[in-house]
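Worksheet for the structure shown next.
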Amino acid sequence: MNAPMRLPLALALALVYPSHAVLAAEAPDETPAPSTVVVNAERLDSGYAADSASVAKGSASQRETPQSVSVATRQRLDDQNLRTLDEALANITGLVVEQGSSHERRFYSRGFEIDTIQYDGVATQRGSGFNISPDLSVFERVEVLRGPAGLFNGSGSPGGAVNLVRKRPLKINQVEALASAGRWDNYRAQVDANRILNDSGSMRARVVGAHEDREFFYDVSRNQRSVLYAIVEADLAPTTTLGVGIHREENDITPFYGGLPRFADGGDLGLPRSTYMNAAWSDTTIASTTAIVDLNHRFNDDWKLRVAFSRMREDNHDLSGSAFGAVDRASNRGPSLSSFRAHLLGEQKAADATLEGGFHAFGRRHDVLLGANWMQRDYDSTSQLYTIANPVVNPYTFDPYDYAVAPTAIARPATHTLAAVEQSGLFGSVRFALTDTVKLIAGGRVSDWKSSTFNLVTNAYGTQPYEQDGEFTPYGALQWDFAPAWTTYLSYAEIFRSQANQYTASGDPLDPATGSNIEAGLKGALFGGRLNASLAAFRILEKNRSQSDPLNPSPCIGSPTGGACFVAEGEVRSQGLDAELTGQLAPGLDVSAGYTWNQTKYLRDRTAAGLPSANENQPLSTFTPRHLARIWASWRPSGSAWSVGGGVNAQSLTYKTSGALRVEQAGYAVWSGRVGYRIKRNLLAALNFNNIFDKHYYRTLGDARGGNWYGEPRNVTATLQAMF
């Protein structure tokens with residue numbers, strides 16, 4: 001662990017839980033007190049079913065939420081040994097994870113990139129920064145809403161949103177410790193401590209610390225990750241709770257950028273999965289600090305208020321030497337090594353207030369949700385490209401250590417850019433009880449948006465400051481509880497995506513693209529809510545996508561930044577089916593099984609000449625498989641110390657095109673498993689097996705120049721988890 005993180009973590013654990021810090025060090029054999037045993041049993045076997053999901057705001061159950069929602073509970077994350085957000089999302093129904101580097105990932109739902117990540121319901125934007133996946137040690141569960149989340153988030157992708165729910169202090173004294181070791185020198189240690197701070201329990205604290213030191217199946221690359229999270233809660237009154245916390249994460253990485261190339265004709269090089277094509281001196285550091293404050297207040301039995309604020313600061317440095325370029329079959333040469341240095345300082349501030357309640361009219365209760373939120377994101381980024389001597393390489397003989405030191409010869413002038421985005425909005429919805437079993441939901445949001453980029457080198461705007469006021473986003477749904485455990489629904493949701501960095505011939509910023517989703521579904525809460533079932537058919541249309549203006553070729557007289565003129569005339573469609581079963585199928589048997597059929601298409605996509613492009617009538621997202629299954633099950637026999645689990649991620653063919661070139665990955669299935677043994681009531685050991693049959697495949701496709709990433713080979717991780 002880095003020195004700056006080691007001391008605060010030790011002090012925090014000592015302050016929050018001094019007695020159990022000693023117990024952990026002494027590793028006692030005594031059986032815990034009965035009350036502690038009960039709590040531990042619940043924590044170590046809490047199940048896969050989640051009643052509600054705060055990604056959709058409010059306290060409505062999953063069954064009452066008229067959109068597709070998936071939740072990965074803490075129990076499931078632990079069972080599958082899912083340690084980062086990308087690992088979790090790669091095991092959630094309908095989601096596709098694309099690898100950009102050894103540490104960067106992009107997430108896709110229904111063919112569209114997910115660009116909004118919520119933390120405890122407070123929205124932040126992805127896309128700037130280094131797109132690293134956060135460590136999941138500080139989170140209780142991962143929630144995903146598929147389809148537009150515009151009612152609560154304003155601008156964004158129609159694919160969906162992700163919400164990470166942080167751990168909160170418990171009203172018990174408890175320490176959980178975890179240690180794991182896996183293939184490729186993958187080591188991890190983690191502590192999660194709860195402490196009641198006064199006799200009444202009205203003040204509580206929780207501290208989570210984790211450190212991971214790991215290498216990868218490809219050579220050279222490494223990541224040392226340190227995490228510290230501390231939060232204090234105080235009951236200011238019987239109906240009011242204040243929470244204050246801080247979350248710090250540091251990553252010190254020897255990165256792998258660019259992935260693997262192919263032959264110029266698209267053929268696979270057949271390189272070993274251990275191949276690494278960066279200079280060994282490459283180095284990336286990514287650090288973020290987030291401060292959080294929230295207040296929860298209940299006015300009466302009907303109305304409650306939640307107000308939250310967060311501020312995240314990033315400080316990211318990168319020095320890389322990566323190879324990129326197609327390989328000539330005759331010489332086996334072609335990729336060229338280039339060196340790049342970048343520094344990014346970023347800040348995101350966000351606030352969210354939600355008022356939830358109800359009123360009685362016409363003999364029935366009707367539910368109300370009102371809210372407001374605000375987000376501001378600012379980034380200051382610099383970059384410099386350097387020249388490397390003898391840059392052309394042979395991927396079959398490339399040695400990362402041949403390039404002893406980072407180059408200093410400048411290849412082109414440095415860049416220095418300031419970027420700013422600010423968004424605010426008011427939203428509301430009412431769930432009208434038309435009858436005892438039929439509900440009508442009507443809602444909407446009004447958003448304000450402004451953004452700009454400024455080039456400090458040229459002293460000119462890259463994107464002119466632009467404000468878009470009063471953008472209205474409607475929402476509606478009809479629900480019918482046709483049986484005690486079953487609900488069917490029809491919903492309509494919208495979202496908009498700013499295109500203000502592109503201009504029309506008249507000099508106006510392009511209107512936003514608008515995504516809409518019509519969804520019909522069926523949801524069930526079975527066995528008293530221990531098992532959730534859902535089935536949904538959806539159709540997403542994104543209209544007004546930017547297209548080159550065929551009547552006003554480049555340079556565009558109306559654009560303040562030069563370049564081409566644009567018109568908002570493109571249109572794409574995504575349609576399909578989602579099916580999911582999550583929870584307790586039988587006593588001791590937990591399951592999470594999801595299947596997605598998805599078809600995407602460019603309905604209208606034109607060239608600068610106004611003619612149909614090569615994309616028109618072709619898939620929008622060729623790397624989104626038509627068929628995708630995510631299945632995992634865990635069995636804990638009653639009265640047995642043993643538990644077993646297993647699952648499979650399977651998908652159909654995917655491909656990517658670049659001009660006339662097409663590269664494919666045939667359909668494949670990757671199997672995983674787990675064996676657990678409860679040594680004591682508060683001590684659990686487990687082995688997780690990934691890619692059991694050692695399937696060789698590309699998890700992410702690129703083109704001939706690079707961007708091709710192998711899937712992880714077979715590996716095993718051993719974990720020891722204890723509670724005190």
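Take 1 as the starting number for the sequence shown in full-length UniProt numbering and just add one per residue. A virtual CB, placed ideally from N, CA and C, is assigned to each residue, including glycine.
Unbroken beta strand (DSSP E) stretches of 3 residues or longer found wholly inside the segment 553-637: 566-586, 589-604 and 627-635, given in chain order.
Contact check for H103 against I292 fails: the beta carbons are separated by 8 Å or more.
Residues W671, S672, G673 and R714 of the same chain have their beta carbon placed closer than 7 Å to that of I692, with the five preceding and five following residues left out of the count.
When DSSP states are grouped into helix, strand and coil, R74 belongs to the helix group.
A straight line joining the alpha-carbon of S447 with that of L151 spans about 10 Å.
Only buried fits F538, as 16 or more other CB atoms lie within 10 angstroms of its CB. Burial check for Q618: the Cβ neighbour count within 10 Å stays below 16, so the residue is exposed.
Bounds of any beta strand (DSSP E) do not take in E104, whose DSSP letter is neither H nor E.
In this structure, the beta-carbon distance from A279 to G321 falls below 8 Å. The closest CA to that of T290, considering only N300, E712, A308 and F107, is found on A308. Shown here for Y119: same chain residues with a beta carbon closer than 6 Å to its own, the five before and five after excluded, namely L164 in chain order. G182 sits away from V675, with the two beta carbons spaced by 8 Å or more.
A straight line joining the alpha-carbon of E571 with that of S155 spans about 18 Å. Taking 8 Å as the cut-off, the beta carbon of Q499 is found no closer than this to the beta carbon of A564. Here the alpha carbon of R341 sits roughly 17 Å from the alpha carbon of A404. The C-alpha of L77 is placed about 20 Å away from the C-alpha of Q174. Where F427 is concerned, the enclosing beta strand (DSSP E) starts and stops at T415 to A433.
The criterion of a C-beta distance shorter than 8 Å is satisfied by S574 and R110. Between N332 and N394, the alpha-carbon positions lie close to 6 Å from each other. Note: L178 is bridge-paired with Q190 and Q721 in the DSSP secondary-structure output. Look at S282 here: in three-state DSSP terms it is coil, with no helix or strand label. Apart from the 5 residues on each side of it in sequence, K543 sits with its Cβ closer than 6 Å to the Cβ of T514 and E571 in its chain, given in chain order.
Residue state for A666 is assigned as coil, using DSSP reduced to three classes.
Less than 8 Å separates the beta-carbon of P391 from that of L337. For P484, the secondary structure class from DSSP, reduced to helix, strand or coil, is coil.
Cβ-Cβ distances below 6 Å link D469 to D448 in the same chain, with the five nearest sequence neighbours on each side left out; the list follows chain order.
Taking 8 Å as the cut-off, the beta carbon of P413 is found no closer than this to the beta carbon of S339. Of the other Cβ atoms in all chains shown, 16 or more fall within 10 Å of the Cβ of T487; this residue is therefore buried.
Taking a contact to require three or more Cβ pairs closer than 8 Å, the segment 294-303 and the segment 263-274 do not qualify as touching. A Cβ-Cβ contact shorter than 8 Å links G428 with G371. Note that the C-beta distance between D79 and S534 is not below 8 Å. In the DSSP annotation of this structure, the continuous segment of the beta strand (DSSP E) that includes D213 starts and ends at M203 to E215. Between E113 and R105, the C-beta gap is not smaller than 8 Å, which leaves the two residues out of contact. The DSSP-derived three-state label of V405 is coil. For the set S559, E64 and A72, the Cα lying nearest the Cα of P509 is the one of S559. Bounds of the beta strand (DSSP E) holding G647 are W642 to Q651.
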